[in-house]
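Residue numbers (my numbering): 559 to 801.
Using N, Cα and C, we set each Cβ at its ideal position, and we do this for glycine too.
It should be emphasised that the depicted structure is a prediction, and the values quoted were computed from it without experimental measurement.
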């Protein structure tokens with residue numbers, strides 16, 4: 559966390575790319591490994607807490623975040639316009655490290671947000687994306703994947719079904735996933751059976767982002783860990799999955 563710092567950044571664009579889903583681009587030079595995140599806020603003390611967001615994309619001149627309106631904080635973020643300013647704390651967390659060999663990235667729902675940047679940094683990856691309804695930003699994902707498989711519960715835009723049921727880990731040397739816990743638990747079982755290492759980026763509600771409040775605690779074989787400081791990336795075999 560040597561580069562940890564709070565900074566103010568101007569908004570370049572903040573566009574709704576799907577119903578209730580926004581892509582915000584901020585001006586400036588930023589660092590961060592795949593699956594690391596920033597805490598963002600653009601308001602006073604109401605609501606009190608900043609919002610954690612993984613990096614969707616970045617260049618030497620800007621950084622982009624993908625977020626869905628889930629409450630008052632993200633609703634306020636969605637109202638920002640070009641030229642408005644926002645506070646960021648980060649980059650936070652441990653991030654993903656690419657293993658040699660054939661690699662698959664699997665994302666479900668808002669968990670796809672970190673995979674574009676990850677695919678660009680890793681290079682030569684297969685992408686498996688799961689959506690509830692109509693897929694979004696598929697053209698951007700096509701540009702960074704050796705192979706792209708899209709699944710949705712309705713079958714719109716790709717195969718019908720859950721991405722965790724469609725994905726086969728056989729033949730991969732390592733897998734990386736982010737999404738709902740049920741999806742990650744299912745992938746964990748499949749990868750364990752196939753003897754393929756799976757690294758998961760956990761999505762938990764966070765308050766401080768630096769491990770002080772214990773608001774994002776998760777049970778692991780090492781005991782209680784803080785997603786923001788000990789993660790968000792864990793080896794799937796470490797996590798004690800509910801159910």
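Kindly list the residues whose CB is nearer than 7 Å to the CB of residue i, restricted to its own chain and excluding five residues on each side of it in sequence; keep chain order.
| i | result |
| --- | --- |
| residue 611 | 595, 596, 598, 623 and 625 |
| residue 694 | 575, 576 and 579 |
| residue 756 | 733, 735, 745, 746, 749 and 794 |
| residue 752 | 727 and 728 |
| residue 796 | 778, 779 and 780 |
At which residues does the beta strand (DSSP E) containing residue i begin and terminate?
| i | result |
| --- | --- |
| residue 598 | 595-599 |
| residue 583 | 579-585 |
| residue 777 | 775-778 |
| residue 756 | 756-759 |
| residue 784 | 781-784 |
| residue 670 | Here residue 670 belongs to no beta strand (DSSP E), and DSSP marks it neither H nor E. |
| residue 797 | Counting along the chain, residue 797 falls outside any beta strand (DSSP E), and DSSP gives it neither H nor E. |
Among the options, which residue has its Cα nearest to the Cα of residue i?
| i | options | result |
| --- | --- | --- |
| residue 638 | 571, 719, 725 and 779 | 571 |
| residue 674 | 696, 628 and 792 | 696 |
| residue 731 | 798, 618 and 682 | 682 |
| residue 806 | 713, 707, 698 and 701 | Nothing in the structure corresponds to residue 806, since the chain is present only between 559 and 801. |
| residue 649 | 690, 587 and 629 | 587 |
| residue 805 | 627, 658, 659 and 679 | Past the edges of the chain, shown from 559 to 801, lies residue 805, and the structure says nothing about it. |
| residue 698 | 616, 641 and 791 | 616 |
| residue 640 | 700, 663, 573 and 618 | 573 |
| residue 664 | 743, 642 and 589 | 743 |
| residue 754 | 564, 657, 642 and 618 | 657 |
Could you round the C-beta distance between residue i and residue j to whole angstroms and report it? I think they count as a contact, below 8 Å.
| i | j | result |
| --- | --- | --- |
| residue 645 | residue 566 | 6 Å |
| residue 593 | residue 759 | 4 Å |
| residue 677 | residue 703 | 6 Å |
| residue 591 | residue 653 | 3 Å |
| residue 635 | residue 582 | 7 Å |
| residue 726 | residue 705 | The pair is not a contact, with the Cβ atoms about 12 Å apart (cut-off 8 Å). |
| residue 686 | residue 661 | Going by Cβ atoms, the distance from residue 686 to residue 661 rounds to 11 Å, so no, they are not a contact pair. |
| residue 539 | residue 739 | Outside the displayed span of the chain (559 to 801) sits residue 539, for which this structure offers no information. |
| residue 651 | residue 774 | Actually they are not in contact, since the Cβ atoms of residue 651 and residue 774 sit about 10 Å apart, beyond 8 Å. |
| residue 737 | residue 629 | With 8 Å as the limit, residue 737 and residue 629 do not qualify as a contact, their Cβ atoms being about 20 Å apart. |
Whose C-beta lies closer than 8 Å to the C-beta of residue i among residues of the same chain, with five residues either side of it excluded?
| i | result |
| --- | --- |
| residue 584 | 567, 568, 569, 570, 620, 621, 622, 623, 644 and 646 |
| residue 560 | Note that residue 560 has pLDDT 46, beneath the 50 cutoff, so the model's placement of it is unreliable and the number below is only indicative. Nothing meets the Cβ criterion. |
Would you kindly report the start and end of the unbroken alpha helix (DSSP H) that includes residue i?
| i | result |
| --- | --- |
| residue 679 | 673-680 |
Could you confirm whether any beta carbon from chain B is found closer than 8 Å to the beta carbon of residue i?
| i | result |
| --- | --- |
| residue 675 | Chain labels in this structure do not include chain B; a single protein chain is all it has. |
Quick one: residues in its chain with C-beta nearer than 6 Å to the C-beta of residue i, no 5 flanking neighbours on either side, listed in chain order?
| i | result |
| --- | --- |
| residue 709 | 688, 716, 717, 719, 721 and 724 |
| residue 783 | 776 |
| residue 627 | 578, 633 and 636 |
* Minimum length 3: unbroken beta strand (DSSP E) runs contained in the stretch 613-667 -> Taking only runs of at least 3 residues, the beta strand (DSSP E) segments lying wholly in the stretch 613-667 are 620-626, 643-650 and 661-666.
* Uninterrupted alpha helix (DSSP H) stretches inside the stretch 689-751 (no shorter than 4 residues) -> 696-700 and 721-724
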